[in-house]
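Contents: one structure, followed by commentary.
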Amino acid sequence: MEPIITTTGLRKSFRSKRGPVEAVRGVSIVVGRGEIFGFLGPNGAGKTTTLRMLTTLLPIDSGSATVAGLDVGRAPKEVRARIGYVSQLGGADELATGRENLVLQGRLYGDSLATVTARAERLMAALDLADFADRKVRTYSGGQRRRLDIAMGIVHEPEVLFLDEPSTGLDPQNRANLWVQIEALRTRGTTVFLTTHYLEEADVLCDRLVIMDHGEIVAEGTPRDLKREVAGDAVVIVVHGGHEVARRAGRILEHEPSVREATVEDDVLRLYVEDGATALPVLLRLLDAERIELRTINLSEPTLDDVFLRQTGRSLRDGGPAGTETAA
Amino acid sequence: MKVATDIGLLYKRYTRQMLRNPIWLFVGFSTPVLYLALFTPLLKQVTRAPSTGVALELFLPGIMSLMAFASGSSAGFSTIFELQGGVIERFRVTPTSRFAILIGPILSGLSMMLVFDLVVVLVGIGFGFDAHWSGLAVLAVLLCLLATTFAAFSVATAISTKEISAFAAVINGINLPLLLLAGVLLPISSQTAPEWMQVLAHFNPLYYLVVAARALAVDAYGRPEVWQAFAVLAPTCAAMLAWATRIFRRAVA
Numbered sequence: 001m002e003p004i005i006t007t008t009g010l011r012k013s014f015r016s017k018r019g020p021v022e023a024v025r026g027v028s029i030v031v032g033r034g035e036i037f038g039f040l041g042p043n044g045a046g047k048t049t050t051l052r053m054l055t056t057l058l059p060i061d062s063g064s065a066t067v068a069g070l071d072v073g074r075a076p077k078e079v080r081a082r083i084g085y086v087s088q089l090g091g092a093d094e095l096a097t098g099r100e101n102l103v104l105q106g107r108l109y110g111d112s113l114a115t116v117t118a119r120a121e122r123l124m125a126a127l128d129l130a131d132f133a134d135r136k137v138r139t140y141s142g143g144q145r146r147r148l149d150i151a152m153g154i155v156h157e158p159e160v161l162f163l164d165e166p167s168t169g170l171d172p173q174n175r176a177n178l179w180v181q182i183e184a185l186r187t188r189g190t191t192v193f194l195t196t197h198y199l200e201e202a203d204v205l206c207d208r209l210v211i212m213d214h215g216e217i218v219a220e221g222t223p224r225d226l227k228r229e230v231a232g233d234a235v236v237i238v239v240h241g242g243h244e245v246a247r248r249a250g251r252i253l254e255h256e257p258s259v260r261e262a263t264v265e266d267d268v269l270r271l272y273v274e275d276g277a278t279a280l281p282v283l284l285r286l287l288d289a290e291r292i293e294l295r296t297i298n299l300s301e302p303t304l305d306d307v308f309l310r311q312t313g314r315s316l317r318d319g320g321p322a323g324t325e326t327a328a
Numbered sequence: 329m330k331v332a333t334d335i336g337l338l339y340k341r342y343t344r345q346m347l348r349n350p351i352w353l354f355v356g357f358s359t360p361v362l363y364l365a366l367f368t369p370l371l372k373q374v375t376r377a378p379s380t381g382v383a384l385e386l387f388l389p390g391i392m393s394l395m396a397f398a399s400g401s402s403a404g405f406s407t408i409f410e411l412q413g414g415v416i417e418r419f420r421v422t423p424t425s426r427f428a429i430l431i432g433p434i435l436s437g438l439s440m441m442l443v444f445d446l447v448v449v450l451v452g453i454g455f456g457f458d459a460h461w462s463g464l465a466v467l468a469v470l471l472c473l474l475a476t477t478f479a480a481f482s483v484a485t486a487i488s489t490k491e492i493s494a495f496a497a498v499i500n501g502i503n504l505p506l507l508l509l510a511g512v513l514l515p516i517s518s519q520t521a522p523e524w525m526q527v528l529a530h531f532n533p534l535y536y537l538v539v540a541a542r543a544l545a546v547d548a549y550g551r552p553e554v555w556q557a558f559a560v561l562a563p564t565c566a567a568m569l570a571w572a573t574r575i576f577r578r579a580v581a
């Protein structure tokens, strides 16, 4: 793996009324050329702050970062020429057309009008923007705007593209569409560095990711390895009879050799087992013998949320299903 | 050179944005024309000017100074909107010169102001104003110096306050005393104003513009007000631009 982004002990704190807040506390990562690399974590975990340091928008307090072989602190101008950045806001001119936005953006990187015009044409075709290229951005839908934002981020053919929460505010269909477009960047050889608080996005899209919480990295790896570390499958049992019964069930089952971990919350018993399919009948027989009645039982492969839960003791879903998450 | 290209690109972008906002243009055109139509008759009575043309020699330069001041000090409003829309941030991650991000919109605002000035002069001629074009050309330079001074201040204030209410409070708080102490509508002179007011006015860059504008409107280049205005406005403008560039570099590093 040829590294294209490296950071060592990256730190950033902000002043607030209640004293300094450490937003990023010693982040060290290596991103390889051509990877889609993700920062997953809840709002306020320090993802965006890290991204803003890497894109020269925020000065680095301590530690160091190199992007495309250049020191971000010492050579910000050279770094800017090699990266693209799409913020949560996008920042396209609403009163200009998609084409005008693309051409201006390309020209600001110093490329000639002819070069930029040709590139804009190709990009609009590739990102399904051609049909409304000459319409004002004000009239674009959310998904169309996001695709234009991304086109503007890569119009100068950067080595690395930084995406801050790219799918926030998009409906599921547009989100899936966007994932396809981001995947396609990989085939162009562009390295993509993205932040997200959507588990599915990190899981589907990222080659590797780090999970961040309170300014620190709590886990790092490929989605598959991270989930495998959680050990086997998750069995979620909801019992009749409330918390006490759930705890009794937990005490019975945690001695079972196939069970690696058992946690109880209200009337929910959550178990991690090595192999769900073989463990489940055994567990059911044990519960039946103790006359514990079940309301529901659910066997699932672990998700990145299980990884997060394991590392932090909290769920990334904030109690609700992912579909109900609102824009940050 | 990259800086010149960047300035050109951002100048064109900003001008395009303004031209596509017709309401904005309408307000820009109608305000000075309304002043001319509704204030000149009063002024003619109050100053006992023999004709509307003579009243306009006093008032038209004031209106043009007012427009330069207003166009400059309102420059930061669009900066606030662009900050909030992520536009400034989008420019910042490109290798675009920071000075170009500051000056491009300011230059575009100057062009727009000069067009409005021309309209005002033409309307004034319609009312009987005797236009001395060479004097007005020199005045145009002074108008640009003043507008740039306040535009730089306004944009720097917008960058530091980042939100509309704090920005508007600062700008409004500064605008009113500066306007009143400049003699834009009624001249501040030894006949009209108490001495303390005349002294205070000399700390106001807008005052120098207004008195020089009145001299230039009648082609009186030789009057000391003209060189004094250049002596005050040119360094003030340079200092304000330097300060704003510094604020800009630091706040949006």
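Just so you know, the sequences run in chain order A and B.
My numbering puts the first sequence at residues 1 to 328.
My numbering puts the second sequence at residues 329 to 581.
Backbone N, C-alpha and C fix where the C-beta goes; we use that ideal spot for every residue, glycine too.
So residue 233 of chain A and residue 246 of chain A are in contact, right, with Cβ under 8 Å, and what is the actual spacing, rounded? Going by Cβ atoms, the distance from residue 233 of chain A to residue 246 of chain A rounds to 19 Å, so no, they are not a contact pair.
Just reading off the beta strand (DSSP E) that residue 257 of chain A is part of, what are its end residues? Where residue 257 of chain A is concerned, there is no enclosing beta strand (DSSP E), given that its DSSP letter is neither H nor E.
For residue 556 of chain B, decide whether its Cβ has a neighbour in chain A, counting only Cβ atoms nearer than 9 Å. no
Could you pull the DSSP bridge partners for residue 25 of chain A from this structure? A:11
Using DSSP with H/G/I as helix, E/B as strand and the rest coil, what is residue 455 of chain B? coil
Interface positions of the region 46-75 of chain A facing chain B (Cβ-Cβ less than 8 Å), listed along the chain: 55, 56, 57, 58, 59
Assigned exposure category for residue 530 of chain B - 16 Cβ within 10 Å defines buried: exposed
Cα-Cα separation between residue 188 of chain A and residue 410 of chain B, rounded to whole angstroms: 32 Å
With DSSP as the reference, please indicate the residues paired to residue 37 of chain A in a beta bridge. A:193, A:208
Residue 85 of chain A: first and last residue of the uninterrupted beta strand (DSSP E) it sits in: 83-86
Across the region 375-385 of chain B and the region 51-61 of chain A, are there enough close Cβ pairs to call them in contact, namely three or more that are closer than 8 Å? no
First and last residue of the uninterrupted alpha helix (DSSP H) at residue 479 of chain B: 461-489
For residue 316 of chain A versus residue 46 of chain A, is the C-beta spacing smaller than 9 Å? no
Shortest alpha-carbon distance to residue 473 of chain B belongs to which of B:525, B:450, B:458, B:438? B:438
In whole angstroms, what is the alpha-carbon distance linking residue 424 of chain B and residue 33 of chain A? 26 Å
Hey, is residue 581 of chain B's beta-carbon within less than 9 Å of any beta-carbon in chain A? Residue confidence for residue 581 of chain B is low, a pLDDT of 47 falling below 50, so the modelled location carries little weight; the figure read from the coordinates is stated next. Taking Cβ atoms only, chain A reaches closer than 9 Å to residue 581 of chain B, which makes this a yes.
From the DSSP output, in three-state form, read off residue 298 of chain A for me. strand
Separation of residue 224 of chain A from residue 203 of chain A, as counted between CA atoms: 8 Å
Chain B within 9 Å of residue 15 of chain A, Cβ atoms only: no
Examine chain A for any beta-carbon lying closer than 9 Å to the beta-carbon of residue 356 of chain B, and answer yes or no. no
Given 8 Å, three or more beta-carbon pairs between the region 147-158 of chain A and the region 90-107 of chain A: yes
Judging by CA-CA distance, which residue of B:336, B:526, B:470 is the nearest neighbour of residue 518 of chain B? B:526
In terms of alpha-carbon separation, which member of B:466, B:536, B:490 lies closest to residue 548 of chain B? B:466
Tell me residue 227 of chain A's beta-bridge partners as DSSP assigns them. Paired residues: none, contrary to the question.
So, helix, strand or coil for residue 322 of chain A, using DSSP? In this predicted model, residue 322 of chain A has a pLDDT of only 36, less than 50, meaning its place in the structure is not dependable; the value taken from the coordinates is given anyway. It is helical.
Just checking, does the region 439-458 of chain B make contact with the region 363-376 of chain B on the three C-beta pairs under 8 Å criterion? yes
If we count the other Cβ atoms within 10 Å of its Cβ and call it buried at 16 or more, is residue 329 of chain B buried or exposed? exposed
Where does the unbroken alpha helix (DSSP H) through residue 164 of chain A begin, and where does it stop? Careful: residue 164 of chain A lies outside any alpha helix (DSSP H), inside the beta strand (DSSP E) at 160-164.
What residues from chain B crowd round residue 90 of chain A, counting only those whose CB sits closer than 7 Å? 414
Since I believe residue 239 of chain A is in contact with residue 294 of chain A (beta carbons under 8 Å), could you give me their beta-carbon distance rounded to a whole number of angstroms? 6 Å
Entirely enclosed alpha helix (DSSP H) segments - the region 516-554 of chain B, minimum 4 residues: 523-529, 533-545
Cβ of residue 182 of chain A within 9 Å of Cβ of residue 205 of chain A? yes
Those residues which DSSP pairs with residue 272 of chain A across a bridge: A:234, A:261
Please identify, using Cβ separations under 7 Å, the residues of the region 101-125 of chain A that lie next to chain B, in order along the chain. 104, 107, 108, 109, 110
For the region 417-428 of chain B, which residues have a beta carbon sitting closer than 8 Å to at least one beta carbon of chain A? 417, 418, 419, 420, 421, 422, 423, 424
The alpha helix (DSSP H) spanning residue 308 of chain B covers which residue range? What is shown of chain B runs 329 to 581, which leaves residue 308 of chain B out entirely.
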